[in-house]
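In UniProt numbering, the protein residues as written are 1 to 219.
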Amino acid sequence: MSLEIFLDLFSQPCRSVYIFAKKNNIQFDYKKISLFEGYQYSEEYGKINLLRKAPAIKDGDLFLAESVAIMLYLAEKFHTPDHWYPADLQKRARLLIPKALGVEIPKEKMDNAVEDLNASLNLFEEKFLQDRPFVVGDQISLADLVAIVEIMQPVGAGMDVFENRPKLKAWKDRVRAEIGAGLFDEAHQAILYAQEAVKTMDPKKMEHFKPKILRYFLS
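If you want it as C-alpha cells, here you go:
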C-alpha cells in the first residue's frame, strides 16, 4: 500500500512534513485537506486521526499524527541522511522541537502578541542558532524545518519578521537554499497568499473559526 499524507499547507506542521518528504524524495500520495472548511471534523478523517488534527499519515495499517513524530518515522523508515536526525545523541539533544478571518482583535492584545514573537525570535537567534549555520550545526536538520515553518507563519499576515534581523534572514536564506528555492516557495505559497485566499472562502464556514480566534486573544 502507498504512503498517504494528509496535509493543509496553511498549517506550519503540515508544511514541515511536506518539505521533508519532498526533499528526501519520499514517494507519497498527497491528500490535500482544508482545515478552514472543517474537513478534519468529517467522519472520513476521524478514521485517519482520532484527534482530528493535521498532519496525519496512513502507511498500510499504521496511522500516525503529529508532525515531529511523522518526520521521525519517515526518517527511520526511509533512511534519510543523518543530518536530518543525527545519530549523535548530543546533536539530537539540541534539536529544536521547539486579520485574515476578519476578527477584530484588541490592539493591546495584538501588541502583546508581537512582543511575544520578538522575544521568541531573540531567544531563537541567541540560544538556538547562536553562530552556527543551522540549529544543530553545519547541516540542515529537522530542527530547522520545525523552526522555519513557524517563523514564516507571521509573514502570511503581512509581518516582515526578518526586517532588521540579518542573522535570522541569513539563516532563512540558507535553509531555503538547502531545501531548494522551488520546494520552499511551493510549500509556503498558501500562507504567503493567505489573505487573498481567505477572500475566496465561504463566509459561513469561516464563522466557525472566529470564536476560537477570539478566545485565543481575549483569554
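Positions of the beta carbon are idealized from the N, C-alpha and C atoms, including for glycine.
Just so it is clear, the structure is predicted and the values come from calculations on it, not from any experiment.
Are Val161 and Leu121 closer than 8 angstroms when you measure CB to CB?
yes
Roughly how many angstroms lie between the CA atoms of Ala157 and Glu163, to the nearest whole one?
15 angstroms
Phe78 to Leu3, Cα distance in whole Å?
Going by the C-alpha atoms only, they are around 12 angstroms apart.
Do the segment 20–27 and the segment 178–186 meet, that is, are 3 or more Cβ pairs less than 8 angstroms apart?
yes
What do you reckon, are the CB atoms on Val146 and Ser16 nearer than 8 angstroms?
yes
Return yes when the C-beta of Val17 is under 7 angstroms from any heavy atom of the ligand SAH, and no when it is not.
No copy of the ligand SAH occurs in the structure displayed, which carries no ligand at all.
Could you check whether the segment 122–133 touches the segment 62–77, counting it as contact only if at least three pairs of C-beta atoms, one from each stretch, sit closer than 8 angstroms?
no
Provide the residue span of the alpha helix (DSSP H) that contains Asp138, from first to last.
Note, Asp138: premise wrong, no alpha helix (DSSP H); not H, not E.
Rounded to whole angstroms, how far is the Cβ of Ser34 from the Cβ of Asp61, which I believe are closer than 8 angstroms?
Between Ser34 and Asp61 a beta carbon distance of about 26 angstroms is seen, past the 8 angstroms cut, so the two are scored as non-contacting.
DSSP beta-bridge partners of Glu66
None; Glu66 has no bridge partner.
Are Ile5 and Tyr30 touching if we call contact CB-CB under 8 angstroms?
yes
7 angstroms Cβ shell around Ile97 - same chain, five flanking residues per side excluded:
Below a pLDDT of 50, predicted positions are generally treated as unreliable, and Ile97, at 36, falls in that range; no measurement from the model is reported.
Rounding to the nearest angstrom, what Cα-Cα distance links Ala93 and Phe124 in this structure?
Its pLDDT being 46, under 50, Ala93 is placed unreliably in this model, and the coordinates cannot settle the point.
Assuming Cys14 and Pro81 make a contact with CB atoms under 8 angstroms, what is their CB distance in whole Å?
The pair is not a contact, with the Cβ atoms about 22 angstroms apart (cut-off 8 angstroms).
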